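Quick note: the sequence shown uses my numbering, first residue 24, plus one each step. Here's the structure we're looking at; comments come further down.
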Amino acid sequence: MRAAPGVQVVLAFLELMAPDLDAAATALSGSGCRAITVVPVFLGQGGHVRQDLPQLVEVAASRHPECFFRLADAAGEDDAVLDAIAAYCLRQLAD
C-alpha cells in the first residue's frame, strides 16, 4: 500500500464474492502477518456489522490463533467519512 509501506491490505467480502474473511485471514497469516484489523466498509451498524461480522471474526481468530484480530467500527460511523459523503452529495447537486 503506497500510503503505508509495509502494511498489507487485503479485501474480503462478507458474502457472495471471494475471498471471504477466513480466506483473507489465511493469506495474511501465511505471509507472516500476526495482527489483523478488520475494517468494515459499511455505511452503518446494520445486522451484518453487529451480528454476522463479529461471528466471522471470532471464527477466523479461532482458526488462526497465531494472529491478534481487532474489529474496527464501520467506516460510515467515522465523522470524516460522513463529511466526505456529504461533500460528494453536495457536488452531485451542482451537476
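For every residue, glycine included, the Cβ atom is placed at its ideal position computed from N, Cα and C. Note that the coordinates shown come from a computational prediction; the quantities given were computed from them, not determined experimentally.
At which residues does the beta strand (DSSP E) containing residue i begin and terminate?
i	result
leucine 94	91-94
Report, in whole angstroms, the separation of the C-beta atoms of residue i and residue j, which I expect to be a contact under 8 angstroms.
i	j	result
valine 33	leucine 51	6 angstroms
cysteine 90	cysteine 56	7 angstroms
glycine 99	glycine 67	5 angstroms
In the structure shown, what three-state DSSP assignment does residue i receive?
i	result
aspartate 43	strand
alanine 48	helix
alanine 58	strand
Can you name the residues that DSSP bridges to residue i?
i	result
phenylalanine 65	Paired residues: none, contrary to the question.
What are the boundary residues of the alpha helix (DSSP H) that includes residue i?
i	result
leucine 79	76-86
glutamine 31	Per DSSP, glutamine 31 belongs to no alpha helix (DSSP H) and is neither H nor E.
arginine 114	102-117
According to the neighbour-count rule (16 or more other Cβ atoms, all chains shown, within 10 Å of its Cβ), is residue i buried or exposed?
i	result
valine 72	buried
alanine 26	exposed
proline 88	exposed
proline 63	buried
leucine 105	exposed
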